[in-house]
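Contents: one structure, followed by commentary.
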Amino acid sequence: MPARIPLDPKLPPGFDDTPNEDRTKDELDAWWDHPFGVTRADGRIDVRCLHGGSWDRSTSLGIAEDYDKACALAAEKLAEWLKYRERPTLSLDLKPSVVMMPQRPDEEMRVIATFETTEEAGAYIREHYPQAAARAGTTGRQNGEPA
């Protein structure tokens, strides 16, 4: 059974109109990566999460017909997002680097390794993070998945 999400929680003022980097540590601790539901006029539930998918608001994860489906949707979509967000990325600054992007706005980017060429950096990602390399194509598809 998926974790139960808060339904119609009392959100801080300006919650969906505040740049993520301007949020307090307490607000990030309370809401970052914690999905919640908002009941719509028709009774369906808008499942939302403050997780960095948008720079200044919570992201809609989808609409569910009832509370149990909302909880399942929240678990599924958050897991997908975390898998995406936690993959290493190629950074082209002074020299190509493989980095882990911050998981929250109050964290820093972490440099894993720096290289002389983008080819070396790409080879490092393919060797050490094969799942990330498989998803790094221009379509975002892997293993023949449809677009």
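The numbering used here numbers the first residue of the sequence shown as 138 and each following residue consecutively.
A virtual CB, placed ideally from N, CA and C, is assigned to each residue, including glycine.
Notebook entry, point to check: Would the beta-carbon of Pro172 fall within 8 Å of that of Arg181?
Noted result: In the sequence shown, the residue the question calls residue 172 occupies position 35. In the sequence shown, the residue the question calls residue 181 occupies position 44. It is not a contact, given that the beta carbons lie outside the stated cut-off.
Notebook entry, point to check: Of the choices Asp153, Pro156, Arg177, whose alpha-carbon is the least far from that of Leu144?
Noted result: Within the sequence shown, numbered from 1, the residue matching residue 144 stands at position 7. Closest option to Leu144, Cα to Cα, is Arg177.
Notebook entry, point to check: Would you call the CB atoms of Asp193 and Asp154 closer than 8 Å?
Noted result: Start at 1 with the first residue of the sequence shown, and residue 193 comes out as number 56. Start at 1 with the first residue of the sequence shown, and residue 154 comes out as number 17. Yes; because the gap between Cβ atoms is below 8 Å, this pair is in contact.
Next item on the list: Can you check DSSP and say which residues form a bridge with Ser228?
Entry: For the purposes of this step, residue 228 is taken as the residue at position 91 of the sequence shown. Note: Ser228 sits in a beta bridge opposite Ser234.
Next item on the list: Counting only the same chain and skipping the five closest in sequence on each side, list residues whose C-beta sits under 8 Å from that of Ile200.
Entry: One-based indexing of the sequence shown puts residue 200 at position 63. Result list for Ile200: Arg177, Arg181, Ile182, Asp183, Val184, in chain order.
Margin query: Need the endpoints of the beta strand (DSSP E) that Ile200 sits in, please.
Written below: Here residue 200 refers to the residue found at position 63 when the sequence shown is read from its first residue. It spans 196 to 201 - the beta strand (DSSP E) in which Ile200 sits, taken as one unbroken run.
Checklist line | Nearest neighbour of Asp230, chosen from Val248, Pro239, Ala216, Arg222 [CA to CA] | finding: Stepping through the sequence shown from its first residue, residue 230 is reached at position 93. With distances taken between Cα atoms, Asp230 lies closest to Val248.
Check: Looking at Ala209 and Pro146, is the spacing between their C-beta atoms short of 8 Å?
Finding: Counting from one through the sequence shown, the residue named residue 146 turns up at place 9. Counting from one through the sequence shown, the residue named residue 209 turns up at place 72. The answer is no: Cβ separation not under 8 Å.
Note to self: Taking only three categories from DSSP, how would you classify Trp192?
What the structure shows: Position 55 of the sequence shown, counted from the first residue, corresponds to residue 192. Reduced to three states, the DSSP call for Trp192 is coil.
Notebook entry, point to check: Secondary structure at Arg247, three-state DSSP: helix, strand or coil?
Noted result: For the purposes of this step, residue 247 is identified with residue 110 of the sequence shown, where counting begins at 1. DSSP places Arg247 in strand when its eight states are reduced to three.
Notebook entry, point to check: In three-state terms, what does DSSP make of Asp163?
Noted result: Working through the sequence shown from its first residue, we reach residue 163 at position 26. Note: Asp163 maps to helix in three-state DSSP.
Notebook entry, point to check: Under the three-state reduction of DSSP, which class applies to His183: helix, strand or coil?
Noted result: Looking up residue 183 in the sequence shown gives position 46. The residue you asked about is not His; residue 183 is Asp in the sequence shown. Three-state result, Asp183: strand.
Notebook entry, point to check: Going by beta carbon distance, what residues of the same chain come within less than 6 Å of Pro242, once the five residues before and after it are set aside?
Noted result: Position 105 of the sequence shown, counted from the first residue, corresponds to residue 242. Contacts found: Asn157, Glu158.
Next item on the list: Give the straight-line distance between the Cα atoms of Asp166 and Leu187, rounded to the nearest whole angstrom.
Entry: Translated into positions along the sequence shown, residue 166 becomes position 29. Translated into positions along the sequence shown, residue 187 becomes position 50. So the two alpha carbons sit approximately 11 Å from each other.
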